[in-house]
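Novice: Numbering (this note's numbering), first residue to last: 4 to 273.
Got a structure for you, questions after.
Here's what the structure looks like:
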């Protein structure tokens, strides 16, 4: 199957799936807090499994181990600095209600979410440069992470007084940035002055950072032991699910189909 087709389907599906959480907030009847308690630990497990079972092993297989690990750490630190400076990844902006007015704050939330989705797309595109299987696993992990995040985004925008239909269309537009990012990296990745293995290393650092700093602390903050134990089990299930998905993806999608990949690199170099 054409790799471009798989990339577009995966990136588009990942974008739409990520909106499930927000859609549920708009129209769902089951408690949003309950959905969050399930989605958040699953996302942490999915991101960690994607990083350690697929993305980083692929990077290590195609690059020098010490360099890959160093770049993964640089990626981790880069997103830490990015978050500290710009606050794109955390969406706990209660203080926003006290500054600049609701409409400007809503615009900032949408812009920040669009940039975040674009970065997700870059990670997907980098993974597809290596193989469709790695791209699919990366997309699954990103979609799992985006579901609880979109709940927060939708909730913030509704709190700013935006209409439900406006919130839905704004987030749908924002989600398309994932597709744009994936297409740009896949189309021009071969011409970038950085190898695919190092792009994957940065992606691995990104996944570990999001799981370790944004998601797992919310699980630690759960005061009820029973719920905390359930969330731990869900996190482990997320790891197992994505690890199994990695095995299945690499079994059914030709991992070594470099003829198409080499043809793609030849086209981008011209």
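The beta carbon of each residue, even a glycine, is placed where N, CA and C say it ideally should be.
On a predicted model such as this, the values are computed, not experimentally measured, just so you know.
#1: To the nearest angstrom, how far is the alpha carbon of residue 110 from that of residue 22?
#2: Where does the unbroken alpha helix (DSSP H) through residue 166 begin, and where does it stop?
#3: Determine the extent of the alpha helix (DSSP H) in which residue 225 is found, giving its start and end residues.
#4: Which whole-angstrom value describes the C-beta separation of residue 173 and residue 113, a residue pair presumed to lie in contact below a C-beta threshold of 8 Å?
#5: Can you give the Cα-Cα distance for residue 41 and residue 63, rounded to whole angstroms?
#6: Tell me the residue span of the alpha helix (DSSP H) that contains residue 218.
#7: Quick check: residue 149 and residue 17, are their CB atoms within less than 9 Å of each other?
#8: Within a Cβ cutoff of 8 Å, which residues of the same chain sit near residue 15, ignoring the five residues on either side of it in sequence?
#9: In terms of residues, what are the limits of the alpha helix (DSSP H) holding residue 139?
#10: Counting only the same chain and skipping the five closest in sequence on each side, list residues whose C-beta sits under 7 Å from that of residue 28.
Specialist: Let's see:
#1: 18 Å
#2: No alpha helix (DSSP H) contains residue 166, which DSSP labels as neither H nor E.
#3: It is not in any alpha helix (DSSP H) - residue 225 carries neither H nor E in the DSSP assignment.
#4: Approximately 5 Å separates the beta-carbon atoms of residue 173 and residue 113; this is inside 8 Å, confirming the contact.
#5: 32 Å
#6: Taken as a continuous stretch (DSSP letters only), residue 218 belongs to no alpha helix (DSSP H), as it is neither H nor E.
#7: yes
#8: Only 182 meet the Cβ criterion.
#9: For residue 139, the enclosing alpha helix (DSSP H) covers residues 135-162.
#10: 35, 154, 157, 158
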